[in-house]
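Here it is, written out as structure tokens:
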């Protein structure tokens, strides 16, 4: 019992007790291991690899058949939306389910940590890492390529605003996967339902739009459609998808917190 | 909020059902401060369920309880600030080392001075015999090493209550002895509540025992009281020869309430039930020895082994409450 007197007790309000330690651990898993640079490399190849191919390699080989810089920018935003959503599903599928199945969640919850803190630390650390690596870093590299190529003049603020729409689109899937992780005990439904939402909102959205034409404007996918015009300096055509996506993401977080508070270990 | 009485754990009617299965039925449990409390019961008796309810890992169906005076349902974060817990099948992050695991857990409790924290971690690793393996990922740890890590992480925060679910499982005899020594050493600092199937260990270190069977508390008593049994005082006599004369003399005494006789390999064993222990102590052996046809091989008051008490209770032969 030698060192007890020189240790200071952690003081946090009960509702977020253990949050800082849990957040530090989650951040350590991303940034203290090789995971961060492996992910950086994967997303560089997937997203900026195509930009390199279309912006530099194809024009060098076949100048007549090369897409315009604006078309390449559109491809970048579409890939960022679709590939990255699959990436989010893969990265987020085990964040809660994995811990529940392995028993580590039970061990953690035997410590002075609140259930809110557990969920919020998972969300903040994983959300920050995913958005930083996939959206911010890849966006920065892509912008630098367009800047060097010079065919398309993109204002930095417009590009950041467009990336913001892409980031919000991704937040929707991050929070969806988090919530599904609290509801299910295997990874299948977490990935399956997320993919169904990604594909379904286009297919079912078109179907519903025949009766309710305004319906597609509520969907997060609209954010991706708006990203290209915004990056090219246009104004945001509608705030509706921004508001509905924020509201749906917040609902997912609240539902995840509620469900996890009832979890039995 | 400090507990106003001596009970560290105090449950009233604590019950838990899973669908149609009653895992725990109206448990009234009291665990005194600084005791080593053995929590026994066959598989599926409800021991782990009870522990999870105390920690707030699961919610009671009805009833409730307090730990250190804090409600187990509402204030379980406060409760866990003062507890060290070793689960029956604990899972840790395999990519972390033993030192990182202890550091992660210690930081739920302590902040500030890094050196003090690292000293505490080193001290705990040494106590658990893991100093040489402290910086290896725990993915490669053996079952025994994981159990040592479990015990280390449970006490890195100087808990006021140590809850151990089968702490000696997966350990060789040396490891078991070490665990018992750790428990003995911690007795003056902390209360230890532990479940186990190894009854020898319980008898060795526990001062109070509770036995759970089919979700019901069937016995809770100090170890001495439990081992004394509830059959009254019994003396055991092993003899050779013809004991009929001695038996006639002994059964005439009014403090003798009965004699059970068994015979094996020419030896006769009596279990003499007595109502007056002092009289029996003074006269019984003398009465038997006064018979020249009988030679006494062994004589003594019957001592129960915990295993005997445990089996008789879980088989429903007796029901002991303090």
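Chains as they are written, first to last, in this note's numbering: chain A, -19 to 245; chain B, 837 to 1158.
Just so it is clear, CB atoms sit at the ideal spot from N, CA and C, and this is done for glycine as well.
For residue 969/B and residue 877/B, what's the separation of their Cα atoms in angstroms?
Counting from 1 along the second chain, the entry for residue 969/B is found at position 133. Counting from 1 along the second chain, the entry for residue 877/B is found at position 41. Distance between the alpha carbons of residue 969/B and residue 877/B is about 35 angstroms.
Should residue 1110/B and residue 1132/B be called a contact, given that it needs their Cβ atoms to be closer than 9 angstroms?
In the second chain, counting from the first residue as 1, residue 1110/B sits at position 274. In the second chain, counting from the first residue as 1, residue 1132/B sits at position 296. Contact flag unset, no.
Does DSSP classify residue 838/B as helix, strand or coil?
Taking the second chain and counting its residues from 1, one reaches residue 838/B at position 2. Residue confidence for residue 838/B is low, a pLDDT of 48 falling below 50, so the modelled location carries little weight and cannot support an answer.
Using the rule of at least 16 other Cβ atoms within 10 Å of the residue's Cβ for burial, across every protein chain shown, is residue 1/A buried or exposed?
Here residue 1/A refers to the residue found at position 21 of the first chain. Under this definition residue 1/A is a buried residue.
Run the CB neighbour count on residue 1075/B, radius 10 Å, all protein chains shown included, and call it buried at 16 or more, exposed below.
Reading the second chain from its first residue, position 239 is the one you call residue 1075/B. With 16 or more Cβ atoms within 10 Å of its Cβ, residue 1075/B is classed as buried.
Would you call the stretch 867 to 877 of chain B in contact with the stretch 919 to 926 of chain B, where contact means no fewer than 3 C-beta pairs closer than 8 angstroms?
Segments in contact, no.
Run down chain A in chain order and give the residues with a C-beta less than 8 angstroms from the C-beta of residue 973/B.
Reading the second chain from its first residue, position 137 is the one you call residue 973/B. Going along chain A, no residue has its Cβ under 8 angstroms from residue 973/B, so there is no contact; the nearest lies around 11 angstroms.
Put residue 149/A into one of helix, strand or coil per three-state DSSP.
Position 169 of the first chain, counted from the first residue, corresponds to residue 149/A. Correct three-state label for residue 149/A: helix.
Could you tell me which residues DSSP puts in a beta bridge with residue 848/B?
Translated into the one-based positions of the second chain, residue 848/B becomes position 12. Its beta-bridge partners are 900/B.
With a Cβ-Cβ cutoff of 9 angstroms, do residue 173/A and residue 156/A count as a contact?
Indexing the first chain from 1 puts residue 173/A at position 193. Indexing the first chain from 1 puts residue 156/A at position 176. In contact: residue 173/A and residue 156/A (Cβ atoms closer than 9 angstroms).
So residue 122/A packs on residue -2/A, CB below 8 angstroms; how close in whole Å?
If you number the first chain from 1, residue 122/A lands on position 142. If you number the first chain from 1, residue -2/A lands on position 18. Going by Cβ atoms, the distance from residue 122/A to residue -2/A rounds to 38 angstroms, so no, they are not a contact pair.
Between the alpha carbons of residue 906/B and residue 950/B, how many angstroms are there, rounded?
Position 70 of the second chain holds residue 906/B. Position 114 of the second chain holds residue 950/B. Each residue's alpha carbon lies about 30 angstroms from the other.
So that I know if they touch, is there some Cβ in chain B lying closer than 9 angstroms to that of residue 245/A?
By 1-based counting over the first chain, the position of residue 245/A is 265. So, interface residue.
Counting only C-beta atoms, is residue 856/B closer than 9 angstroms to chain A at any point?
Position 20 of the second chain, counted from the start, is the residue given in the question as residue 856/B. Answer no: the Cβ-Cβ gap between residue 856/B and chain A never drops below 9 angstroms.
Short of 7 angstroms Cβ to Cβ, which residues in the stretch 87 to 99 of chain A face chain B?
From the stretch 87 to 99 of chain A, only 87, 89, 90, 91, 92, 93 and 94 have a Cβ closer than 7 angstroms to chain B.
Who are the neighbours of residue 52/A on chain B, taking C-beta pairs under 9 angstroms?
Taking the first residue of the first chain as 1, we reach residue 52/A at position 72. Correct list: empty, because the minimum Cβ distance to chain B is about 39 angstroms.
Just list the residues that DSSP pairs residue 868/B with in beta bridges.
Taking the first residue of the second chain as position 1, residue 868/B is located at position 32. 843/B, per the DSSP bridge assignment.
For residue 935/B, count neighbouring Cβ atoms within 10 angstroms of its own Cβ and tell me buried if that reaches 16, exposed if not.
As a position in the second chain, residue 935/B is number 99, starting the count at 1. That one is buried.
Taking Cβ-Cβ distances shorter than 7 angstroms, what residues in chain A pair up with residue 1023/B?
In the second chain, the residue the question calls residue 1023/B occupies position 187. What residue 1023/B touches in chain A: nothing, since even the nearest Cβ is about 13 angstroms away.
How many whole angstroms separate the CB atoms of residue 860/B and residue 852/B, which I take to be in contact at a CB cut-off of 8 angstroms?
As a position in the second chain, residue 860/B is number 24, starting the count at 1. As a position in the second chain, residue 852/B is number 16, starting the count at 1. With a Cβ gap of about 4 angstroms, residue 860/B and residue 852/B count as contacting.
If we cut at 9 angstroms on Cβ distances, does residue 5/A have a partner in chain B?
Here residue 5/A corresponds to residue number 25 of the first chain, with the count starting at 1. Judged by the 9 angstroms Cβ criterion, residue 5/A is in contact with chain B.
Could you name the residues of the same chain whose beta carbon sits closer than 7 angstroms to that of residue 61/A, not counting the 5 residues immediately before and after it, in chain order?
Start at 1 with the first residue of the first chain, and residue 61/A comes out as number 81. Same-chain partners within the cutoff: 146, 149 and 204.
Here's the rule: buried if 16 or more other CB atoms are within 10 angstroms of the residue's CB, otherwise exposed. What is residue 838/B?
Residue numbering aside, residue 838/B sits at position 2 when the second chain is read from its first letter. With a pLDDT of only 48 at residue 838/B, under 50, the local geometry of the prediction cannot be trusted, and the value read off the model is given with reservation. Classification for residue 838/B: exposed.
Using DSSP with H/G/I as helix, E/B as strand and the rest coil, what is residue 1049/B?
As a first step, residue 1049/B is located in the second chain; it is residue number 213 there, counting from the start. In the structure shown, residue 1049/B sits in a strand (DSSP, three-state: E or B).
Could you say which of 180/A, 137/A, 102/A and 34/A lies nearest to residue 129/A if we only look at CA atoms?
For the purposes of this step, residue 129/A is identified with residue 149 of the first chain, where counting begins at 1. Ranking 180/A, 137/A, 102/A and 34/A by Cα distance to residue 129/A puts 34/A first.
What residues from chain A crowd round residue 1031/B, counting only those whose CB sits closer than 7 angstroms?
In the second chain, residue 1031/B corresponds to position 195, counting from 1. Near residue 1031/B there are no residues of chain A at all, since even the closest Cβ is about 15 angstroms away, more than 7 angstroms.
Near residue 63/A, what residues of its chain come up, given a Cβ to Cβ distance below 6 angstroms and the 5 sequence neighbours on each side ignored?
Locating residue 63/A in the first chain gives position 83, counting from the first residue. Closer than 6 angstroms at the Cβ level, and outside the excluded window around residue 63/A, lie 26.
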